[in-house]
Amino acid sequence: MDRTFEELVAEGAAVPTDGWDFSWFAGRATEERPEWGYARSAGERLARARAALDLQTGGGEVLDFALRQAAPARPTLLAATEGWPPNVARATALLAPHGAVVVAAPDTAPLPFADASFDLVLSRHPVTPVWPEIARVLRPGGTYFAQHVGPASAFELVEHFLGPQPEAVRGGRDPEREREGAEAAGLEVEELRTARLRMEFYDIAAVVHFLRKVIWMVPGFTVEAYEERLRTLHEEVTAGGPFVAHSTRHLFVARKPAPETIA
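Under UniProt numbering, think of the first position of the sequence shown as 1, with each following residue one higher.
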């Protein structure tokens, strides 16, 4: 028997949103993954690093996976930052067995670490990369390795709820502007790859949970405020199949130049 709109919306509204574990979406939504395999590649880099920092680690799930890929090797010094208190607690519990220290720090605040502390800085989907701080905490010769959200990501879904967005909003998170920011901070961009990836939502519960979890997509989202648009989308999915959107991602690899040596 098909479940009603009310039942599905209530389920999506009840699922906890802490952490970055997306396993609840299995069978309800899908998203293609970039070909570069960020977490696996991060694990390879962690296996060679002496001191590593993961910025905006969420619940620590991605770093935990990468460290398991790196095992038994791992950095001697391992730290992570996170700005949302429920995720700080979750990440601390998950990453402590790896010897990681999780520091509560706002996403755009100065990093609470000394200059040149890390030879590897990681980040998966940072809200905003603060390039001067990333450059400051990297050791000369160190690497920033990250996967960023690109411009107009999942905007088919965003614009269903908010209507057409201005070009200034659609063009945010532009990878070339991020390249300029990294270079202005003194980093050398070694690799910048982009991908556009298909997303499918199979029921309205998945949409509700996604918008509650990824809160910057539709700021201030609540079921009550968007009930009419949710109902319209539910009817479209019921009649015509999954709602399709496209995420955008870019792989960002930058290095802090080492000082030139004099022969």
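A virtual CB, placed ideally from N, CA and C, is assigned to each residue, including glycine.
With a threshold of 7 Å on Cβ separation, who are the neighbours of residue i within its own chain once the five nearest residues in sequence on each side are excluded?
{"i": "Ser-117", "result": "Ala-51 and Val-137"}
{"i": "Val-62", "result": "Trp-20, Ala-39 and Arg-124"}
{"i": "Thr-76", "result": "Arg-50 and Ala-51"}
{"i": "Pro-132", "result": "Ala-185"}
{"i": "Val-88", "result": "Glu-82, Val-102 and Ala-104"}
{"i": "Ser-153", "result": "Ser-247 and Thr-248"}
{"i": "Leu-162", "result": "Val-218"}
{"i": "Arg-28", "result": "Tyr-202, Asp-203, Ala-205 and Ala-206"}
{"i": "Arg-231", "result": "Phe-5"}
What does DSSP give as the partner residue(s) for residue i in the beta ladder?
{"i": "Ser-247", "result": "Leu-197"}
{"i": "Ala-51", "result": "Leu-77"}
{"i": "Ala-254", "result": "Tyr-144 and Val-189"}
{"i": "Val-149", "result": "Arg-249"}
At which residues does the beta strand (DSSP E) containing residue i begin and terminate?
{"i": "Ala-29", "result": "29–31"}
Among residues of its own chain, excluding the 5 on either side of residue i, which ones have a beta-carbon nearer than 6 Å to its beta-carbon?
{"i": "Ala-79", "result": "Leu-53 and Val-101"}
{"i": "Ala-12", "result": "Sequence check: residue 12 is Gly here, not Ala. The answer, listed in chain order, is Ala-205, Val-208 and His-209."}
{"i": "Leu-111", "result": "Glu-133 and Val-137"}
{"i": "Glu-190", "result": "Val-253 and Arg-255"}
{"i": "Ile-262", "result": "Note that Ile-262 has pLDDT 46, beneath the 50 cutoff, so the model's placement of it is unreliable and no number is given."}
{"i": "Thr-17", "result": "Arg-212 and Lys-213"}
{"i": "Glu-7", "result": "none"}
{"i": "Thr-57", "result": "Leu-63, Ala-80, Glu-82 and Ala-91"}
Identify, in the order they occur along the chain, each residue of the same chain with its Cβ nearer than 8 Å to the Cβ of residue i, setting aside the five sequence neighbours on each side.
{"i": "Tyr-106", "result": "It should be pointed out that residue 106 corresponds to Pro in this sequence rather than to Tyr. Gly-83, listed in sequence order."}
{"i": "Trp-216", "result": "Val-127"}
{"i": "Thr-108", "result": "Val-127, Thr-128 and Val-130"}
{"i": "Arg-33", "result": "Leu-197"}
Could you tell me how far apart the beta carbons of residue i and residue j are, in whole angstroms, since I believe they sit closer than 8 Å?
{"i": "residue 280", "j": "Ala-182", "result": "Summary: the structure shown does not reach residue 280, with the chain confined to residues 1 through 263, and so no result is reported for it."}
{"i": "Gly-60", "j": "Ala-91", "result": "3 Å"}
{"i": "Glu-178", "j": "His-148", "result": "7 Å"}
{"i": "Glu-31", "j": "Leu-211", "result": "Actually they do not touch by this definition, with Cβ atoms about 15 Å apart."}
{"i": "Glu-200", "j": "Val-244", "result": "6 Å"}
{"i": "Phe-5", "j": "His-234", "result": "5 Å"}
{"i": "Ala-70", "j": "Leu-46", "result": "4 Å"}
{"i": "Leu-120", "j": "Phe-145", "result": "7 Å"}
{"i": "Ala-140", "j": "Ala-258", "result": "Residue identity differs from the one stated: residue 140 is Pro in this sequence, not Ala. Sure, about 4 Å apart at Cβ, within 8 Å."}
{"i": "Arg-173", "j": "Gly-150", "result": "6 Å"}
{"i": "Ala-73", "j": "Ala-42", "result": "That pair is no contact at about 13 Å."}
{"i": "Val-9", "j": "Val-223", "result": "6 Å"}
{"i": "Trp-36", "j": "Leu-251", "result": "5 Å"}
{"i": "Ala-135", "j": "Leu-187", "result": "5 Å"}
{"i": "Leu-55", "j": "Leu-122", "result": "7 Å"}
{"i": "His-160", "j": "Arg-229", "result": "6 Å"}
Can you tell me where the alpha helix (DSSP H) with residue i in it begins and where it stops?
{"i": "Ser-41", "result": "38–46"}
{"i": "Ile-204", "result": "204–213"}
{"i": "Thr-232", "result": "227–240"}
{"i": "Gly-12", "result": "5–14"}
{"i": "Pro-175", "result": "175–184"}
{"i": "Ala-168", "result": "167–170"}
{"i": "Phe-155", "result": "155–162"}
Can you find a heavy atom of the ligand MG that lies under 7 Å from the Cβ of residue i?
{"i": "Leu-53", "result": "Judged by which ligands are present, the structure shown has none, so any question about the ligand MG falls away."}
Open item on the list: Threshold first: 3 residues or longer. Then list the beta strand (DSSP E) segments lying entirely within the UniProt domain "Methyltransferase type 11" (53–145), N to C.
Closed with: 77–82, 101–104 and 118–124
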